[in-house]
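Here is the structure we will look at.
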Amino acid sequence: MLIQITDTQDLQIKEALISSEQFAERIGLNPSAPFFSKYLYTQTLRHLATANILDVWETNDTKLFLNQHEDSAYLAKHMSGKQIMDNCNISPQTLRKLCKTHNIPLHKFNTIYKDIFIPLEFIEKYITDDKYITGYDLLRISSIDKKSKKNFPRRALLSVINNIQKHNLNSLLGYKELTIPLYFKNTPQPQHHVFLREKVINFFEQHVSINKVLNELSMRRSNLVTLLPNINIEIYTLHGSSHDGKFISKNDYQYLQTYRKGITSGGNGSYAQRNDKYIEYREKYYTKKQVMDYLSLSGDYINIVLDSYDIKPVEILEYKFNTDKISFIYFFSKDEIHNLIEKQTLLKRQYKQEYYTIQEIKLLMDKDGSTTNFLYSYIPRNNIQPTECPSLLMGVLKRYNGSKNLFRKEDVHQYLLDRKNCKNLISIEMDDPFKEFIYKTETLLQISFSKKLIRTKDLWLQYVRKQLHATRSSNISIYINQLSKTSFHLTDLLTKEIYSYSASSLNKLFFEENSNIPRTYQRILYHFCREVYASIYEVTQKPPYTLDKLTNPNHFLNQRDVDLSRYTYEEYKDLYRFVNDLSIHKLTAIQNVESFLKGNKYCNYDSYWLYILIQLTNNWRHATVITQIPEVDLSNTSITDLDWLKQNNPSIDDANSIIFQVGRYVKKIHKTGAYSIFRIADPLKIAFATAISICQLRANAYHIVTPSSNQKNTVPKDVGALIWLKTRHIVQPRHTAHKVFFKHFKHEFKFSNRKMNRTLTTLIWSVLRSLNAARVSRSHFNENSTMHYIKLDEKQLTHLIEQIFERNSFGYITQLLTNKLFDGLNIEKNVETQKMLELTKRFGDVQKIEVSSGLIDRLATEQWEVIDLINSLKKEEIQHLLSQATANTLYSKQEYYQCVFSRCKYDDITSNRDCTCCPFSIVNVYALSNLMDTYLKGIHHIISHFNSAKEGEKKKMANHFYLLWLQVQSAKLQFGDLIYDFVEGGKEKFSLLSQQLPKTKEYLTDGVY
């Protein structure tokens, strides 16, 4: 409670009080720290006093005092943020998120999270609880996994949990599966599966591992495992694949130490087999080894089978092996084993008739067939439950990789039929879409409408014809397949004409959210029902059903949980640095390629490196990354072979040459059909050039050195020209390519194409928001994309623009902006005018064409306007303008050209002003494709028509050509001779044509020199 007092001088209990500053120090706070908020601290004390959590005395001069032992009482029920973060190794951000998520009450003594305090009851419920330990701690205590050094494998923990549940050991080990996970110091992720610390310690104090029993009693595992049930000793299995994971109680162990089941002593080693008792038993019984051979069972299953059929050894012969270990020979009744063999034969016949193993299914598939789709897609989607292979048949049925699952033959046959139909649907295309639909529906899928659905069939075919006629999709065959499969649901579920049903009946048939009908087909059916409604109402003027009561499947939630997570800004930066590190990746990629070319395994290192580099700055889909990257010509670079790359890195000119080749090839983004510019930011250029060169050299060398008969190194189907990854199968963390590439990156990092796309979209959107721009880098941003954005300061904004976007603009104003930004000096008009005149002189010498003085005057005036604009801008404004240009967010009315103004300043003067020759244009490098084509056409036009033209026409031709030439010179200043790569024939073609230009020096205007 909060008690108001005059002062502490007259209090009898003065010695029993401490000041608020003393209380703060006792609970671990530092009230003298520079940024400690004393106001917040005193307010929190008052609040806790009002809530009867603390007893606080306040004097008239607002000094606060507490009981002498108030600190220990408070700490007994509360814990500081620092303690919490230290105890379970979490960050302040994670602690803040947990408190917000679970609405945990906070005692905010200061503004930082390490100085908050939280009641223990909430800590133990939502954050961490010392009475529990994690499954990884249990593994560590039990020594189940001795191979792991830093982190114990998740697979071992899952095995332990499964065994605990299977053998009802929950209470013995205090196992609990928590609804809300808790955090622990030595485990990076929150844990749902926990164990009571006290019970775990008691268990391992009272039990001994089978491994210890085997070592101390010198027994074989098979003998011990068979012996223990016979003498009623229970085995507690935590981890089945390890002797350290099986335990017996110490009391049972003491009993076992005194126990020996010996019929007769058989001597040492092979001498036991010449023992009279052994010879006698061999004639009357079968040994365990013989039983295993007769039943084709391994040591892992023989004990399970014998136990499940209650077959016990009738005699046991004990002997010493090599004088050290005691072993047993078990003998079984021949009659019992004969009966068991007969049961196995009958059971095998039954299961062979009804089931397939995975191995048999693989044999039924095509050569390129895989059971992955059957196991992980078809079975769950159709709720098929596999049957576990009986232990007795484990050795006689052909299984695959030890799989125990069997599948009913009718399910497998249906899958193979569906698979065949699906392949046919995909492979068949016709010129007439409607005929293709009819063929696929009636011939391939063998779908037919009953006589009760004659009118429905007509309406459906009319609908399909109309939809196919209206669609403009480039993937019309996919749409046809969807319509054909939708036909099945109409014929399968309808028992009368569709317009005879009520809206509620149609909802039950087609539009329930948990229906087995895929969402795509539900949407088609919904649209069809609306069309049926319109058709029937038009003819009869009566509604067949209440349209508004039809359930719209577009409003359903996704049928599957879609991962919408993103990498954090820090994770993106870490990944960026890792992928861009040549010292890590270059030699590894080269060595993998060299090994592959020698006929060894290819783990796709170079392909995966290039694949990830591209996604750091291009938010493309998986298949687009693979298919849009073409082969490149390295002849114009310094790169000759893999040996050269081992010793050297490509230059920036080499990198630009390669990047411009790819950029010219990339025309459209897959699926949306939107135009896109391929983007590799400056910091990534050398790494990208290195990775793509390795891929190109691998492709070149492979086709030269690989014999056609060498099937081992055959290039897989469905891969890109350079990136040899499957277009239909995204690389998963479990795949070799991912494991090898990220071996030296953060533990348990998982790369995802979609997650990276969402991350890049968020980062780009954050840049655009920070630049107050509305344009985007991709052809579409959905609403969910733009909901996430990071607030960036100027430093982060500049850094992101450099990391993601490519500085590949040129033009008069671009050069002046850059000079002003870095030099900081105003630009002199007379200097720039002189530069232009000097350039004009050179034009006359090289091109031998006249330029009118009027054109020179106009250009000078426009350039002065540019200079005035730039001189009026502050350094921060220039930086912002260049950032907008780099991010491609400035105003543009012509593709590849941006403007420094928010609208064209010449629109009011002329409607046909071309951006190509405008001094205010910021030009993208990919405009060179059009610019160089136009320039080439201009040269041809001058050569063909200049001499025959009239004098006025010659001036006009010269003026136009001069403007083009100025832009080409600006680009050449920025990119050098790379500009010639944008035209077939290259620089040689321009040199030859320049020699054919007519001599027109007599037309040169006076004063130009």
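Mind the numbering: the sequence shown is residues 208 to 1216 in our numbering, read in order. All residues carry an ideal CB built from backbone N, CA and C; glycine is no exception.
- Taking 8 Å as the upper bound for CB-CB distance, I866 and F895 are in contact here, some 7 Å apart.
- In summary, G806 is exposed, with fewer than 16 beta-carbon neighbours lying within 10 Å of its beta-carbon over all protein chains present.
- Cα atoms of A240 and Q211: separation of roughly 28 Å, rounded to the nearest angstrom.
- For T269 and F242, the gap between their C-alpha atoms comes out near 21 Å.
- Between K495 and L524, the gap from beta carbon to beta carbon reaches 8 Å or more.
- In the structure shown, M208 adopts coil according to DSSP, grouped into three states.
- In the DSSP assignment, E265 falls within the unbroken beta strand (DSSP E) covering 263-265.
- Exposed is the label assigned to H762, since fewer than 16 other Cβ atoms lie within 10 Å of its Cβ.
- K383 places its beta carbon less than 8 Å from that of V401.
- Of the candidates K1163, L463, Y1142, R361, R361 places its Cα closest to the Cα of H399.
- Between the region 442-460 and the region 407-417, the count of C-beta pairs closer than 8 Å reaches three or more; the two stretches touch.
- With a cutoff of 8 Å on beta-carbon distance, F656 and T663 are scored as near each other.
- Residues of the same chain with their beta carbon placed closer than 7 Å to that of E745 are lacking, with the five preceding and five following residues left out of the count.
- Per DSSP, the beta-bridge partners of I323 are K315.
- In the pairwise beta carbon analysis, the region 382-397 is classified as touching the region 336-345: at least three pairs are separated by under 8 Å.
- Pairing F695 with I731, the inter-Cα distance amounts to about 12 Å.
- If you ignore the 5 residues before and after V947, its C-beta comes within less than 7 Å of the C-beta of C810, Y812, all in its own chain and listed in chain order.
- Of all C-beta pairs linking the region 933-942 to the region 789-800, fewer than three are shorter than 8 Å, placing the two stretches out of contact.
- A buried status is given to W1172, since no fewer than 16 other beta-carbon atoms sit within 10 Å of its beta-carbon.
- Relative to the Cα of L513, the nearest Cα in the group Q551, L794, N1166, F614 belongs to Q551.
- Below 8 Å, too few C-beta pairs join the region 251-266 and the region 286-293 to call them touching: fewer than three.
- Around the beta-carbon of P750, fewer than 16 other beta-carbon atoms lie within 10 Å, marking it exposed.
- If you look at Q560, you'll find it in the alpha helix (DSSP H) that goes 541-561.
- Taken through DSSP and simplified to helix, strand or coil, P299 comes out as helix.
- Under DSSP, V415 forms a beta bridge with I455.
- N430: member of the alpha helix (DSSP H) spanning 428-437, first to last residue.
- Sequence-distant Cβ neighbours of V521 in its own chain, meaning closer than 7 Å and more than five residues away, are Y492, F538, F539, S540.
- When DSSP states are grouped into helix, strand and coil, N612 belongs to the strand group.
- Fewer than three Cβ pairs drawn from the region 629-644 and the region 695-707 lie within less than 8 Å of each other, which leaves the two stretches out of contact.
- Contact between the region 545-561 and the region 596-616 is established, with three or more Cβ pairs separated by less than 8 Å.
- Residue environment analysis places Y246 among the exposed positions, since fewer than 16 neighbouring C-beta atoms fall within 10 angstroms of its C-beta.
- For T693, no pairing in a beta bridge is given by DSSP.
- Residue pairing for H400: DSSP places it in a beta bridge opposite E384.
- Counting of Cβ neighbours within 10 angstroms places Y708 among the buried residues, the total reaching 16 or more.
- A check of alpha carbon separations from N418 across S350, G1159, L804, L313 identifies S350 as the nearest.
- In the DSSP assignment, Y339 falls within the beta strand (DSSP E) that extends over 339-341.
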